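A.B. asks: The structure's right below; bear with me while I get my questions together.
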DNA sequence: TCGTCAGACTTACAGTGTAAACTTACGTTG
DNA sequence: CAACGTAAGTTTACACTGTAAGTCTGACGA
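Chains as they are written, first to last, in the working numbering: chain A, 1 to 232; chain B, 1001 to 1232.
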């Protein structure tokens, strides 16, 4: 006779449930508040039970990263390389906005998971199929991803989210410090950042297009030099 | 008569000594190993004594960030905006290489210090004096710094530093995983990353020039539209 | 000589990740 | 059905973290 008579069978723990719950907690409370004990509690389980499904906390974090990478739209084969990578970059940025902790975690996460590898494979493939040489692909990849991750990082570093918060922040900031010690910063803040409608995030698309256009120019130049056919 | 007869007077603690020692420890052992107790020990002092000079650990980290920012070359007035910002970007990257922990810390460090403010003031001033509008300055700033910080971040995320390490790493990596599951990644790794002379860091300058050239093009276009004089 | 006080030290506490040992429930096998 | 192995949970314990609160010390001014 089982001991837990009448008790509803507890939902079984598994790696996926651990990971998705961890992601939710990190989204809600920030990664620094995600502890093994809190995560266990949320799952109705003691902290140590989690170690049946993750090797240690770093493994948990790695798993979280790979899981959120699955949310990123892969570059489509049917689009041109530029729109394909434009879409996936926008999608990547949205993911990084949803999971603000992910960007900071990717340094320490040395070993990429399956979703991450697939993602990179497809991005590289997109460049290659568009006629980018290996060297040019490396170059393009470095520039594009540096921009996307760097932008996300800067966006998160800003201590305000809404326009109103920015305004309030800016007022305090200005009153305290700048007037003539930092004249350009002063002008920039009052004349631009504090203007209605400002949002750092709006700079993402223009910057992305700048990068993509520049890469296209370089590729065309390379193709021309290499002597490949060029429609015209 | 003093009790510590004959004892060499202990060098007095002060904020600067605390900060520079903390920076050295973080450089040597990584930021995650920098604890108040270790820092105290290094300074010949108990952990709690540090709190006479820093408000708490976050204040310590903020102070470290602002201190290393002083190492970054400010854009020079005598150079053209492009070379001025090129130099400061290279200098910024070198700083981020020396202090690998700095990049990751800048998210949490909400309140910028004096050196950081001065830095941004000068960068903004460089754009403004080169005829960039406020909006264009915001755009340029976002793109340029996203690139620099993003590149540094990616460089640090790579789990190898030297070419030999990369090769060793790549071999294991390839043997284990890729062959036909990730064909493009496979080709890219064997055909480029594992080639002699490869180093991710070498992509920095080409990418930086791509960004700067593209910004120059956009500025010229803007100036033309605005109807300002253009030397010809 | 005393009082003041800054800057150091001591102690203590709640919280962290996780090793090691345990308990329990269930499926397989004799 | 009994015995056992195993997977998945719990309990306990430990070393280490940041830091609050209280104490000690030595130099200096009155």
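Heads up, the beta-carbon is just placed ideally off N, CA and C, and yes, glycines get one too.
Keep in mind that this is a model prediction, so the values were computed, not measured.
Cα separation between residue 49 (chain A) and residue 40 (chain A)?
C.D. replies: Taking the first residue of the first chain as position 1, residue 49 (chain A) is located at position 49. Taking the first residue of the first chain as position 1, residue 40 (chain A) is located at position 40. Cα-Cα distance, rounded: 8 Å.
A.B. asks: May I have a chain-ordered list of the alpha helix (DSSP H) segments no shorter than 4 residues that lie completely inside the segment 80 to 121 of chain A?
C.D. replies: For the segment 80 to 121 of chain A, whole alpha helix (DSSP H) runs of length 4 or above, ordered along the chain, are 81 to 98 and 100 to 105.
A.B. asks: Measure the Cβ-Cβ separation of residue 222 (chain A) and residue 132 (chain A) and say whether it is below 9 Å.
C.D. replies: For the purposes of this step, residue 222 (chain A) is identified with residue 222 of the first chain, where counting begins at 1. For the purposes of this step, residue 132 (chain A) is identified with residue 132 of the first chain, where counting begins at 1. Closer than 9 Å, so yes.
A.B. asks: Taking 9 Å as the CB-CB limit, is residue 1077 (chain B) close to chain A?
C.D. replies: Position 77 of the second chain holds residue 1077 (chain B). It does not; no Cβ of chain A falls within 9 Å.
A.B. asks: Return the first residue and the last residue of the alpha helix (DSSP H) that residue 69 (chain A) is part of.
C.D. replies: Mapped onto the first chain, residue 69 (chain A) falls at position 69. From DSSP, the alpha helix (DSSP H) with residue 69 (chain A) extends over 57 to 69.
A.B. asks: Can the beta-carbon of residue 207 (chain A) be found less than 9 Å from the beta-carbon of residue 1142 (chain B)?
C.D. replies: The residue you call residue 207 (chain A) lines up with position 207 of the first chain. The residue you call residue 1142 (chain B) lines up with position 142 of the second chain. In contact: residue 207 (chain A) and residue 1142 (chain B) (Cβ atoms closer than 9 Å).
A.B. asks: Listed from N- to C-terminal order along the chain, which residues in the segment 1124 to 1147 of chain B have their beta-carbon within a distance smaller than 8 Å of any beta-carbon of chain A?
C.D. replies: Answer set for the segment 1124 to 1147 of chain B: 1124, 1125, 1128, 1134, 1135, 1137, 1138, 1139, 1142, 1143, 1145, 1146 and 1147.
A.B. asks: Tell me whether residue 1062 (chain B) is buried or exposed, calling it buried when 16 or more other Cβ atoms sit within 10 Å of its Cβ.
C.D. replies: As a working mapping, residue 1062 (chain B) is identified with position 62 in the second chain. Buried, by the Cβ-count rule.
A.B. asks: Of the choices B:1212, B:1085 and B:1182, whose alpha-carbon is the least far from that of residue 1119 (chain B)?
C.D. replies: On the second chain, position 119 is the one that residue 1119 (chain B) refers to. That would be B:1085, whose Cα lies nearest to the Cα of residue 1119 (chain B).
A.B. asks: Measuring only the C-alpha atoms, how far is residue 1193 (chain B) from residue 1043 (chain B)?
C.D. replies: Translated into positions along the second chain, residue 1193 (chain B) becomes position 193. Translated into positions along the second chain, residue 1043 (chain B) becomes position 43. Looking at the two C-alpha atoms, the distance is approximately 43 Å.
A.B. asks: Residue 110 (chain A): which of A:135, A:97, A:66 and A:93 sits nearest, CA to CA?
C.D. replies: By 1-based counting over the first chain, the position of residue 110 (chain A) is 110. Ranking the options by Cα distance to residue 110 (chain A), first place goes to A:66.
A.B. asks: Determine the contact status of residue 1101 (chain B) and residue 1047 (chain B), defining contact as a CB-CB distance below 9 Å.
C.D. replies: If you number the second chain from 1, residue 1101 (chain B) lands on position 101. If you number the second chain from 1, residue 1047 (chain B) lands on position 47. Cβ atoms of residue 1101 (chain B) and residue 1047 (chain B): not closer than 9 Å.
A.B. asks: For residue 156 (chain A), report the span of its alpha helix (DSSP H) as first-last.
C.D. replies: What you label residue 156 (chain A) is simply residue 156 of the first chain in a count that begins at 1. Segment 134 to 157, the alpha helix (DSSP H) holding residue 156 (chain A).
A.B. asks: Can you have a look at residue 1055 (chain B) and say buried or exposed, based on whether 16 or more other CB atoms are within 10 angstroms of its CB?
C.D. replies: Within the second chain, the letter at position 55 stands for residue 1055 (chain B). Residue 1055 (chain B) comes out exposed.
A.B. asks: Pair every Cβ in the segment 29 to 36 of chain A with every Cβ in the segment 65 to 84 of chain A, then say whether three or more of these pairs are closer than 8 Å.
C.D. replies: Too few Cβ pairs lie closer than 8 Å, so no.
A.B. asks: DSSP three-state label for residue 1231 (chain B), please.
C.D. replies: The count along the second chain starts at 1 and reaches residue 1231 (chain B) at position 231. With a pLDDT of only 39 at residue 1231 (chain B), under the threshold of 50, the placement of this residue in the model should not be trusted; the figure read from the coordinates follows. Reduced to three states, the DSSP call for residue 1231 (chain B) is coil.
A.B. asks: How far does the alpha helix (DSSP H) with residue 184 (chain A) in it extend, from its first residue to its last?
C.D. replies: Within the first chain, residue 184 (chain A) is the residue found at index 184, counting from 1. Run containing residue 184 (chain A): 183 to 188, per the alpha helix (DSSP H) assignment.
A.B. asks: What is the residue span of the alpha helix (DSSP H) that residue 1036 (chain B) lies within?
C.D. replies: Counting from one through the second chain, the residue named residue 1036 (chain B) turns up at place 36. Residue 1036 (chain B) -> alpha helix (DSSP H) spans 1036 to 1042.
A.B. asks: Residues of chain B with a CB under 7 Å from the CB of residue 206 (chain A): which are they?
C.D. replies: Residue mapping note: residue 206 (chain A) aligns to position 206 of the first chain, counting from 1. The answer, in chain order, is 1139.
A.B. asks: Use the C-beta contact count for residue 162 (chain A): other C-beta atoms within 10 angstroms, 16 or more gives buried, fewer gives exposed.
C.D. replies: Locating residue 162 (chain A) in the first chain gives position 162, counting from the first residue. With fewer than 16 other Cβ atoms within 10 Å, it is exposed.
A.B. asks: If you reduce the DSSP assignment to three classes, tell me which class residue 1007 (chain B) lands in.
C.D. replies: Locating residue 1007 (chain B) in the second chain gives position 7, counting from the first residue. Bear in mind that the predicted position of residue 1007 (chain B) carries a pLDDT of just 30, short of 50, making it unreliable; the figure below should be weighed with that in mind. The answer is coil: DSSP assigns residue 1007 (chain B) none of H, G, I, E or B.
A.B. asks: Work out the CA separation of residue 1152 (chain B) and residue 1083 (chain B) for me, nearest whole Å.
C.D. replies: Taking the first residue of the second chain as 1, we reach residue 1083 (chain B) at position 83. Taking the first residue of the second chain as 1, we reach residue 1152 (chain B) at position 152. Going by the C-alpha atoms only, they are around 20 Å apart.
A.B. asks: Could you tell me the distance, in whole angstroms, from the CA atom of residue 1078 (chain B) to the CA atom of residue 149 (chain A)?
C.D. replies: The residue labelled residue 1078 (chain B) in the question sits at position 78 within the second chain. The residue labelled residue 149 (chain A) in the question sits at position 149 within the first chain. Distance between the alpha carbons of residue 1078 (chain B) and residue 149 (chain A): 32 Å.
A.B. asks: Under a CB-based cut-off of 9 Å, is residue 1179 (chain B) close to chain A?
C.D. replies: Position 179 of the second chain, counted from the first residue, corresponds to residue 1179 (chain B). For residue 1179 (chain B), the answer is no, since every Cβ of chain A falls outside 9 Å of its Cβ.
A.B. asks: Return the residue from the list B:1053, B:1033 and B:1185 that minimises the CA-CA distance to residue 1019 (chain B).
C.D. replies: Within the second chain, residue 1019 (chain B) is the residue found at index 19, counting from 1. That would be B:1053, whose Cα lies nearest to the Cα of residue 1019 (chain B).
A.B. asks: Taking only three categories from DSSP, how would you classify residue 217 (chain A)?
C.D. replies: By one-based count along the first chain, residue 217 (chain A) stands at place 217. It is helical.
A.B. asks: Show which residues of chain A have a CB atom less than 8 Å away from the CB atom of residue 1184 (chain B).
C.D. replies: As a position in the second chain, residue 1184 (chain B) is number 184, starting the count at 1. Result: 121, 122, 124, 125 and 128.
A.B. asks: Under 9 Å between C-beta atoms, does residue 1115 (chain B) make it to chain A?
C.D. replies: The residue labelled residue 1115 (chain B) in the question sits at position 115 within the second chain. Chain A contact via Cβ: absent.
A.B. asks: Smallest Cα separation from residue 168 (chain A): which of A:98, A:146, A:195 and A:123?
C.D. replies: Here residue 168 (chain A) refers to the residue found at position 168 of the first chain. Closest option to residue 168 (chain A), Cα to Cα, is A:195.
A.B. asks: Ignore the nearest five residues each way along the sequence and tell me which others in residue 7 (chain A)'s own chain have a CB closer than 7 Å to its CB.
C.D. replies: The residue given as residue 7 (chain A) occupies position 7 in the first chain. Reliability of the predicted coordinates at residue 7 (chain A) is poor, the pLDDT of 30 falling under 50, and no value is obtained from them.
A.B. asks: Cβ closer than 9 Å: which chain B residues qualify as neighbours of residue 214 (chain A)?
C.D. replies: Within the first chain, numbered from 1, the residue matching residue 214 (chain A) stands at position 214. Under the 9 Å cutoff, chain B gives 1210, 1211, 1213, 1214 and 1217.
A.B. asks: With the cut-off set at 9 Å, would you say residue 155 (chain A) and residue 1156 (chain B) are in Cβ contact?
C.D. replies: Along the first chain, read from residue 1 onward, the residue named residue 155 (chain A) stands at position 155. Along the second chain, read from residue 1 onward, the residue named residue 1156 (chain B) stands at position 156. Not closer than 9 Å, so no.
A.B. asks: Using a C-beta cutoff of 9 Å, does residue 203 (chain A) count as contacting chain B?
C.D. replies: As a working note, residue 203 (chain A) is residue 203 in the first chain. Chain B contact via Cβ: present.
A.B. asks: Can you tell me where the alpha helix (DSSP H) holding residue 29 (chain A) begins and where it ends?
C.D. replies: For the purposes of this step, residue 29 (chain A) is identified with residue 29 of the first chain, where counting begins at 1. Per DSSP, residue 29 (chain A) belongs to the alpha helix (DSSP H) from 15 to 29.
A.B. asks: Suppose contacts are defined by Cβ-Cβ distances below 9 Å. Is residue 1198 (chain B) in contact with residue 117 (chain A) by that definition?
C.D. replies: Position 198 of the second chain, counted from the start, is the residue given in the question as residue 1198 (chain B). Position 117 of the first chain, counted from the start, is the residue given in the question as residue 117 (chain A). Contact flag unset, no.
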